[in-house]
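Plus 54 on top of the position in the sequence shown (first one is 1) and you've got the working numbering.
Where a beta carbon is used, it is the ideal one built from N, C-alpha and C, also for glycine.
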Amino acid sequence: MTGRIASILWLAWAAILGFATRPIFTWYLDYFHSPGPQFYRAAMVAVPAIAVMAWIYALVRRSGLWRYEPAAFLVLIAAAYLRYEPRAFLVSVAFFLASSAAGNAVLRRLGLKIAHPADRIGIGFAAGAGLFSTVLLPLGLFHFLYGWVFLAILAAALALGDTRRTWADLGALHRRWTESTELAHPMAGVAIWFGWIAAVCALIVLLAPVIAFDSVAMHLPSVKYYAETHSLQPVPGLDYSYYPQGIELLWTMGYSLAGVAGAQMVSGLFFVVFLLVLMRIARDCGLDGAASVTAAIFAATLPFLHWTGSVMKSDLALALYEAAALIAFLRWLGSRDFRWIVAGCFFLGQAFGVKYIALFAAPPLLLFFAWAAWHDAQRWKKGALAAAVLAVFAMIWPLRAFVLTGNPVAPEKIERATGGSVDPDDREAPVRARHYLRLPWEILFEGDQRAFESPLPNPAGILIAAFVPLGLLTWRLRPRTASQIACLIFATMNFLYWGWVIVIIRYAILPFALTAIPIAAWIKDFWDSGGRVRKAALILVQTYCLLIATMGLMIIGINGPQIGYFAGRLNREQYLRGAMQAYGAVEFLHHTGNPHATVFGIKNLARAYAPDPHVFSGMWCAFGRPCRTDRVIAKTRASNPEYLIVPEDGTVAREALEQLGSPARVYRDAYFSVYHFPR
Numbered sequence: 055m056t057g058r059i060a061s062i063l064w065l066a067w068a069a070i071l072g073f074a075t076r077p078i079f080t081w082y083l084d085y086f087h088s089p090g091p092q093f094y095r096a097a098m099v100a101v102p103a104i105a106v107m108a109w110i111y112a113l114v115r116r117s118g119l120w121r122y123e124p125a126a127f128l129v130l131i132a133a134a135y136l137r138y139e140p141r142a143f144l145v146s147v148a149f150f151l152a153s154s155a156a157g158n159a160v161l162r163r164l165g166l167k168i169a170h171p172a173d174r175i176g177i178g179f180a181a182g183a184g185l186f187s188t189v190l191l192p193l194g195l196f197h198f199l200y201g202w203v204f205l206a207i208l209a210a211a212l213a214l215g216d217t218r219r220t221w222a223d224l225g226a227l228h229r230r231w232t233e234s235t236e237l238a239h240p241m242a243g244v245a246i247w248f249g250w251i252a253a254v255c256a257l258i259v260l261l262a263p264v265i266a267f268d269s270v271a272m273h274l275p276s277v278k279y280y281a282e283t284h285s286l287q288p289v290p291g292l293d294y295s296y297y298p299q300g301i302e303l304l305w306t307m308g309y310s311l312a313g314v315a316g317a318q319m320v321s322g323l324f325f326v327v328f329l330l331v332l333m334r335i336a337r338d339c340g341l342d343g344a345a346s347v348t349a350a351i352f353a354a355t356l357p358f359l360h361w362t363g364s365v366m367k368s369d370l371a372l373a374l375y376e377a378a379a380l381i382a383f384l385r386w387l388g389s390r391d392f393r394w395i396v397a398g399c400f401f402l403g404q405a406f407g408v409k410y411i412a413l414f415a416a417p418p419l420l421l422f423f424a425w426a427a428w429h430d431a432q433r434w435k436k437g438a439l440a441a442a443v444l445a446v447f448a449m450i451w452p453l454r455a456f457v458l459t460g461n462p463v464a465p466e467k468i469e470r471a472t473g474g475s476v477d478p479d480d481r482e483a484p485v486r487a488r489h490y491l492r493l494p495w496e497i498l499f500e501g502d503q504r505a506f507e508s509p510l511p512n513p514a515g516i517l518i519a520a521f522v523p524l525g526l527l528t529w530r531l532r533p534r535t536a537s538q539i540a541c542l543i544f545a546t547m548n549f550l551y552w553g554w555v556i557v558i559i560r561y562a563i564l565p566f567a568l569t570a571i572p573i574a575a576w577i578k579d580f581w582d583s584g585g586r587v588r589k590a591a592l593i594l595v596q597t598y599c600l601l602i603a604t605m606g607l608m609i610i611g612i613n614g615p616q617i618g619y620f621a622g623r624l625n626r627e628q629y630l631r632g633a634m635q636a637y638g639a640v641e642f643l644h645h646t647g648n649p650h651a652t653v654f655g656i657k658n659l660a661r662a663y664a665p666d667p668h669v670f671s672g673m674w675c676a677f678g679r680p681c682r683t684d685r686v687i688a689k690t691r692a693s694n695p696e697y698l699i700v701p702e703d704g705t706v707a708r709e710a711l712e713q714l715g716s717p718a719r720v721y722r723d724a725y726f727s728v729y730h731f732p733r
């Protein structure tokens, strides 16, 4: 295909894309009516201004401004944290340095040669964080989760690890950035402009009090309990605490030393380091610096990924360990040093220590590791060693669950854990085939609360749909190197398994992020081989996709009360009242006579903010349906609460309250009522 024909086809596709996605763009813009007309008016000015500023920034930075971007990003993060959460900032710096130093020290003692400073930082951090989780597990079992113990661990890692090397690597990364003239590319400039916006939005979410559902319902109550009891034991009333708690132990360290902000910053660190490792995978796949940075920002601005990395959730820790296991195999491809496979098994084991969802990444990784073992002269001996390392670190948490409950996958049932959550009627081959054919459309254009907890119709943005045709035009759909083939196999197998079992997109962060790598490569290749018209069309489509992604991540991450909170007009409680519908009813419990009174919440599981989170239980109802009256009655009676929280949205029938004895209503707001059962 000639260059002119390719350019004409791309221009035609850009026009079709704009026409076809106009309703999507309009939906995002109209959504800003929801918080108030002033937000819509601001969006009408800000959205086109952001696009124009992206083009201006891409041009202006080419004069040399791009050399200062890494330092500017660090200054932004440090200034924000020192202004609002200085202790959390200091703890996060210590945790980052200690993890990287400890991880690199162990990897070096294993004889692994890591040439690039970004690899030493990214892989070293993942190794160190995994080691900390492993060390904290027995300490938790023996009731040693004290602040002074955490400080001693960090101090020992900083004193005995490769701390100086970590500082030197940070400096080397900055020098490499300033010396890489390819980073002045306009494609990277537009991406980095949106990266600035994404970074600010992430900081806003990280620095504000926690409001994400899983965080306040499960993660934060667990962490508080571990910190209060100084031990790792099941949290009363919270079956979630039987799952692997590898990241919760790290959150407990952050919480004990710097409060909730310290725990949240641990999540933020995993997000940043994950993007660094993703850039290194992109370089392994043959991308240059500009395309690698662009790929990382494409991934970071996927709305679901950005939000998941900005809140107190475990999914980015899981993704980092999976990415570290994948890059360990890529390093083996280049060196044939089997110690990389052993390290990869350690990382995969740590992924299982975060979530059993690591099972989706296990088949391709195990295939890679087995292939590497088979090609080694001592295949059986080294294969057994790698298998032993994986078994030790992956089976710790199932063993704990088995000892506590007799079920290694508690609180799941074994048949559901092995069979997935798909409808049994959908397992027939024709139905399953139709499911796979529809899945890309459903994920990219029909997002719902079951796939991702947000109102967005496109939680993964439109980037993938917009640029896949570019692969056809550049004739680069077929992978050409061993690293590209490995990444393609990993993403494909992961997507197929994930799509069969449970379609929750934050459980597929790494394969979604990997799709950004070929997209960035196609854009760079098409740009470099075209004229002005082609380049202008590419920049327009890139800006358009990033603009929709930015509006999406703002919609799900940014809210009006945050402005008042960071401006000092709202305190913590006022912010939570304005930003979290469930908070008012839970706050009322603080004003009752008994702070340890048992509570049962229906569609309100904000137990982290209850006076005593460990006597707070609850239930959720099927999405989009009224609560079943028999379940409400049975579960409430089983809990025998003193206070009952009921939603005001009409999903709980009045009959349920009547059969429960018509308790007295003692609190009511627009979202929830609190009823009291006299004792």
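Assuming Ala-412 and Leu-372 make a contact with CB atoms under 8 Å, what is their CB distance in whole Å?
For this step, residue 412 is matched to residue 358 along the sequence shown. For this step, residue 372 is matched to residue 318 along the sequence shown. With a Cβ gap of about 6 Å, Ala-412 and Leu-372 count as contacting.
Rank Leu-439, Glu-641, Leu-257 and Gln-713 by C-alpha distance to the C-alpha of Val-129 and give the top, closest one.
By 1-based counting over the sequence shown, the position of residue 129 is 75. Cα-wise, what sits closest to Val-129 is Leu-257.
By DSSP's criteria, Arg-722 is part of a beta bridge. Which residues make up the other side?
The count along the sequence shown starts at 1 and reaches residue 722 at position 668. Paired residues: Ser-727.
Where do the N-terminal and C-terminal ends of the beta strand (DSSP E) with Ser-508 fall, by residue?
Numbered from its first residue, the sequence shown carries residue 508 at position 454. Unbroken run through Ser-508: none, as it is neither H nor E.
Report, in whole angstroms, the separation of the C-beta atoms of Trp-231 and Leu-237, which I expect to be a contact under 8 Å.
Counting from 1 along the sequence shown, the entry for residue 231 is found at position 177. Counting from 1 along the sequence shown, the entry for residue 237 is found at position 183. Yes, they are in contact, since the Cβ atoms of Trp-231 and Leu-237 sit about 6 Å apart, within 8 Å.
What residue range is occupied by the uninterrupted alpha helix (DSSP H) comprising Phe-143?
Taking the first residue of the sequence shown as position 1, residue 143 is located at position 89. 140 to 163 is the span of the alpha helix (DSSP H), which, as asked, contains Phe-143.
Considering just the uninterrupted stretch of the beta strand (DSSP E) at Ile-656, what are its terminal residues?
In the sequence shown, residue 656 corresponds to position 602, counting from 1. It spans 653 to 656 - the beta strand (DSSP E) in which Ile-656 sits, taken as one unbroken run.
So, are the CB atoms of Leu-402 and Leu-419 less than 8 Å apart?
In the sequence shown, counting from the first residue as 1, residue 402 sits at position 348. In the sequence shown, counting from the first residue as 1, residue 419 sits at position 365. Cβ distance < 8 Å, so Leu-402 and Leu-419 count as in contact.
For Tyr-200, which of helix, strand or coil comes out of DSSP?
To locate residue 200, count along the sequence shown from 1; it is residue 146. Tyr-200 falls in the coil class under three-state DSSP.
Is the beta carbon of Ala-564 less than 8 Å from the beta carbon of Pro-357?
Position 510 of the sequence shown, counting from 1, holds the residue named residue 564. Position 303 of the sequence shown, counting from 1, holds the residue named residue 357. According to the sequence shown, residue 564 is Leu rather than Ala. No, these two residues do not count as a Cβ contact at 8 Å.
Is it true that the region 609 to 629 meets the region 270 to 285, where meeting means three or more beta-carbon pairs spaced less than 8 Å apart?
No, the region 609 to 629 is not in contact with the region 270 to 285.
What residue range does the beta strand (DSSP E) around Val-700 cover?
As a first step, residue 700 must be located in the sequence shown, where it is residue number 646. Taken as a continuous stretch (DSSP letters only), the beta strand (DSSP E) holding Val-700 covers 697 to 701.
Please name the residue in Gly-460, Ile-450, Glu-466 and Phe-392 whose C-alpha comes closest to that of Leu-439.
If you number the sequence shown from 1, residue 439 lands on position 385. Per the Cα distances, Phe-392.
Take the Cβ of Asp-173 as the centre, count every other Cβ of all protein chains shown within 10 Å, and call the residue buried at 16 or more, exposed below.
Start at 1 with the first residue of the sequence shown, and residue 173 comes out as number 119. Its Cβ being crowded by 16 or more others within 10 Å, Asp-173 is buried.
Once DSSP output is grouped into helix, strand and coil, what is the label at Phe-670?
What you label residue 670 is simply residue 616 of the sequence shown in a count that begins at 1. Correct three-state label for Phe-670: strand.
Could you check where the alpha helix (DSSP H) with Gln-628 kicks off and where it finishes?
What you label residue 628 is simply residue 574 of the sequence shown in a count that begins at 1. Taken as a continuous stretch (DSSP letters only), the alpha helix (DSSP H) holding Gln-628 covers 626 to 633.
Counting only the same chain and skipping the five closest in sequence on each side, list residues whose C-beta sits under 8 Å from that of Ala-505.
Position 451 of the sequence shown holds residue 505. Only Glu-496, Ile-497, Pro-513, Val-557, Ile-558 and Ile-559 meet the Cβ criterion.
Could you check which residue in Ala-636, Ala-415 and Ile-301 has the C-alpha nearest to that of Met-319?
For the purposes of this step, residue 319 is identified with residue 265 of the sequence shown, where counting begins at 1. Here the closest residue by C-alpha is Ile-301.
Exposed or buried, Glu-500, counting other C-beta atoms within 10 Å across all chains shown (16 or more means buried)?
Counting from one through the sequence shown, the residue named residue 500 turns up at place 446. That one is exposed.
Confirm, please, whether the CB-CB distance from Val-289 to His-644 is below 8 Å.
Reading the sequence shown from its first residue, position 590 is the one you call residue 644. Reading the sequence shown from its first residue, position 235 is the one you call residue 289. Going by C-beta atoms, His-644 is not nearer than 8 Å to Val-289.
Going by C-alpha distance, which of Phe-677, His-239, Phe-670 and Asp-216 is nearest Ala-651?
Residue numbering aside, residue 651 sits at position 597 when the sequence shown is read from its first letter. Ranking the options by Cα distance to Ala-651, first place goes to Phe-670.
Helix, strand or coil for Val-264 per DSSP?
As a first step, residue 264 is located in the sequence shown; it is residue number 210 there, counting from the start. Three-state result, Val-264: coil.
The alpha helix (DSSP H) with Trp-67 in it runs from where to where?
Within the sequence shown, numbered from 1, the residue matching residue 67 stands at position 13. Start and end: 57 to 74.
With DSSP run on the structure shown, which of helix, strand or coil describes Ala-664?
The count along the sequence shown starts at 1 and reaches residue 664 at position 610. Coil, per DSSP.
Can you name, in chain order, every residue of its own chain whose Cβ lies under 6 Å from the Cβ of Leu-190, other than the five neighbours on each side?
One-based indexing of the sequence shown puts residue 190 at position 136. Within the same chain, Leu-190 has close Cβ partners Leu-303.
Starting from the C-beta of Ala-281, find all residues in its chain whose C-beta is less than 8 Å away, skip the five residues before and the five after it, and write them out in chain order.
For this step, residue 281 is matched to residue 227 along the sequence shown. Once the five neighbours on either side are set aside, the close Cβ partners of Ala-281 are Leu-199, Thr-306, Tyr-309 and Ser-310.
In this structure, how does DSSP classify Ala-431 when only helix, strand and coil are distinguished?
The count along the sequence shown starts at 1 and reaches residue 431 at position 377. Three-state DSSP puts Ala-431 in coil, outside helix and strand.
Given 8 Å as the limit, is there contact between the region 324 to 341 and the region 198 to 218, that is, 3 or more CB pairs closer than that?
At 8 Å Cβ cutoff, the stretches do not touch.
Can you check which of these residues, Asp-579, Leu-517 and Arg-337, is closest to Ala-60 by C-alpha distance?
Counted from its first residue, the sequence shown places residue 60 at position 6. Measuring from the Cα of Ala-60, the nearest candidate turns out to be Asp-579.
Skipping 5 residues on each side, what residues in its chain have a beta carbon closer than 6 Å to that of Gln-299?
Against the sequence shown, residue 299 aligns to sequence position 245. No residues qualify anywhere along the chain.
Where Ile-168 and Leu-524 are concerned, what is the direct C-alpha to C-alpha distance, given to the nearest angstrom?
Indexing the sequence shown from 1 puts residue 168 at position 114. Indexing the sequence shown from 1 puts residue 524 at position 470. Cα to Cα, the separation comes out at about 35 Å.
So Ile-612 is in the alpha helix (DSSP H); what residue range does that whole segment cover?
If you number the sequence shown from 1, residue 612 lands on position 558. No alpha helix (DSSP H) contains Ile-612, which DSSP labels as neither H nor E.
Beta carbon of Ala-97, beta carbon of Phe-86: below 8 Å?
In the sequence shown, the residue the question calls residue 97 occupies position 43. In the sequence shown, the residue the question calls residue 86 occupies position 32. A contact, by the Cβ cut-off of 8 Å.
Distance check for Val-522 and Trp-67, CA to CA, integer angstroms please.
On the sequence shown, position 13 is the one that residue 67 refers to. On the sequence shown, position 468 is the one that residue 522 refers to. One C-alpha to the other measures close to 11 Å.
Would you mind working out which of Phe-400, Leu-568 and Tyr-729 sits nearest Met-449, comparing C-alpha positions?
As a first step, residue 449 must be located in the sequence shown, where it is residue number 395. It is Phe-400 whose Cα lies nearest to the Cα of Met-449.
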